[in-house]
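Asker:
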Amino acid sequence: MSDRSIYRWALIAILTLAVLLGSLRLNRYTLTYGDEARFLILAQSLRFKHNYALVGAHGPVAERQYPPGLPLIVALTMWLTDTGQPLNTSILPAKIAVLILYLVALLLLYDLLRQYRPPWIALATLLVIAVHPLITPLATEPMSDIPFFICQYPLALADGASVKLDCWR
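Under my numbering, think of the first position of the sequence shown as 1, with each following residue one higher.
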């Protein structure tokens, strides 16, 4: 078996472990942070064409604090699964969508690390992240942390292409 195929199987094993750990956290409840509820409400407003607004919110325009990327993804998930009314029916599909985004983020991180370090270090780093107790809760919560990393990936690639990261070599 070649090194390349060993690394490929190790990557598949790590991603499978990440899915397993994420799946254990799938439920129909949100945490008490509040942000995930806001993202769900914003997605619901997009899904049912109420514009991009926190329906029923008082005070300053809070939706300006939340980028529309995740609510668009969750609104698409609501549309595909025909959920959103009442709002709690869309929690589980939203969490599954974030779990899929988490897998994409792990793959992108592996690709980024592999450009600067040997594959075994990239895999070891990925494994630590996949099982880290402070990161795994984010794998299923409808908050912006995981999509934010995915948005940063092209910037990291552009930065790596223009500046040599000597401290990583």
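We put the beta carbon where it would ideally sit given N, CA and C, even for glycine.
On the criterion of 16 or more Cβ atoms from any shown chain inside 10 Å, does ILE121 qualify as buried, or is it exposed?
Answerer: Sequence index remark: in the sequence shown, residue 121 carries index 121 (1-based). ILE121 is exposed by the Cβ-count criterion.
Asker: Near PRO140, what residues of its chain come up, given a Cβ to Cβ distance below 7 Å and the 5 sequence neighbours on each side ignored?
Answerer: Position 140 of the sequence shown, counted from the start, is the residue given in the question as residue 140. Note that residue 140 is Thr in the sequence shown, not Pro. Once the five neighbours on either side are set aside, the close Cβ partners of THR140 are GLY22, ARG25, LEU26, LYS95, VAL98, LEU99.
Asker: Where do the N-terminal and C-terminal ends of the alpha helix (DSSP H) with GLN44 fall, by residue?
Answerer: For the purposes of this step, residue 44 is taken as residue 44 along the sequence shown, with counting starting at 1. 35-47 is the span of the alpha helix (DSSP H), which, as asked, contains GLN44.
Asker: Ordered along the chain, which non-local residues of its own chain (more than five positions away) have a Cβ less than 8 Å from that of MET78?
Answerer: Sequence index remark: in the sequence shown, residue 78 carries index 78 (1-based). ALA43, GLN44, ARG47, GLY84, SER90, PRO93, ALA94, listed in sequence order.
Asker: Determine the contact status of LEU157 and LEU11, defining contact as a CB-CB distance below 8 Å.
Answerer: Walking along the sequence shown from the start, residue 157 turns up at place 157. Walking along the sequence shown from the start, residue 11 turns up at place 11. Against a cut-off of 8 Å, the Cβ pair of LEU11 and LEU157 comes out as no contact.
Asker: Are LEU54 and PRO142 touching if we call contact CB-CB under 8 Å?
Answerer: In the sequence shown, residue 54 corresponds to position 54, counting from 1. In the sequence shown, residue 142 corresponds to position 142, counting from 1. Contact: no.
Asker: Using only the alpha-carbon positions, how far apart do PRO39 and LYS49 sit?
Answerer: Taking the first residue of the sequence shown as position 1, residue 39 is located at position 39. Taking the first residue of the sequence shown as position 1, residue 49 is located at position 49. Per the sequence shown, residue 39 should be read as Phe rather than Pro. Spanning the two alpha carbons is a distance of roughly 15 Å.
Asker: I believe ALA13 touches LEU103 by the beta-carbon criterion, under 8 Å. Please report the beta-carbon distance rounded to the nearest angstrom.
Answerer: Within the sequence shown, residue 13 is the residue found at index 13, counting from 1. Within the sequence shown, residue 103 is the residue found at index 103, counting from 1. The Cβ separation is near 13 Å, so there is no contact.
Asker: Check whether the Cβ atoms of LEU126 and LEU108 lie closer than 8 Å to each other.
Answerer: Residue 126 sits at position 126 when you count from the first residue of the sequence shown. Residue 108 sits at position 108 when you count from the first residue of the sequence shown. Contact: no.
Asker: So the alpha helix (DSSP H) ASP111 belongs to, where does it begin and stop?
Answerer: Translated into the one-based positions of the sequence shown, residue 111 becomes position 111. Taken as a continuous stretch (DSSP letters only), the alpha helix (DSSP H) holding ASP111 covers 91-114.
Asker: So, for ILE129: in the same chain, excluding its five sequence neighbours on each side, which residues have a beta-carbon less than 8 Å away from its beta-carbon?
Answerer: Here residue 129 corresponds to residue number 129 of the sequence shown, with the count starting at 1. LEU106, LEU109, ILE135, listed in sequence order.
Asker: Cutting at 7 Å between CB atoms, please list the residues of its own chain near ILE150, excluding the five before and the five after it.
Answerer: For this step, residue 150 is matched to residue 150 along the sequence shown. Result list for ILE150: LEU101, VAL104, ALA105, LEU108, in chain order.
Asker: For the alpha helix (DSSP H) containing MET78, name the first residue and the last one.
Answerer: Along the sequence shown, one-based indexing puts residue 78 at 78. Start and end: 69-81.
Asker: Measure from the alpha carbon of THR30 to the alpha carbon of each residue in PRO137, ARG4, TYR66, then state which is nearest.
Answerer: Counting from one through the sequence shown, the residue named residue 30 turns up at place 30. Minimum Cα distance to THR30 is reached at PRO137.
Asker: Let me check understanding here. Comparing Cα to Cα, which of PRO133, ASN88, TYR66 lies closest to SER144?
Answerer: Working through the sequence shown from its first residue, we reach residue 144 at position 144. With distances taken between Cα atoms, SER144 lies closest to TYR66.
Asker: Looking only at its own chain, which residues have a Cβ that is under 6 Å from the Cβ of ILE41, when we skip the five neighbours before and after it?
Answerer: Numbered from its first residue, the sequence shown carries residue 41 at position 41. Excluding sequence neighbours, ILE41 sits near LEU54.
Asker: What did DSSP end up calling GLY22 once you bin it into helix, strand or coil?
Answerer: Residue mapping note: residue 22 aligns to position 22 of the sequence shown, counting from 1. If DSSP states are grouped into helix, strand and coil, GLY22 belongs with the helices.
Asker: Please report the Cβ distance between LEU113 and TYR153, rounded to the nearest whole angstrom; I am assuming they are in contact, meaning their Cβ atoms lie under 8 Å.
Answerer: Mapped onto the sequence shown, residue 113 falls at position 113. Mapped onto the sequence shown, residue 153 falls at position 153. So it is not a contact: roughly 12 Å between Cβ atoms.
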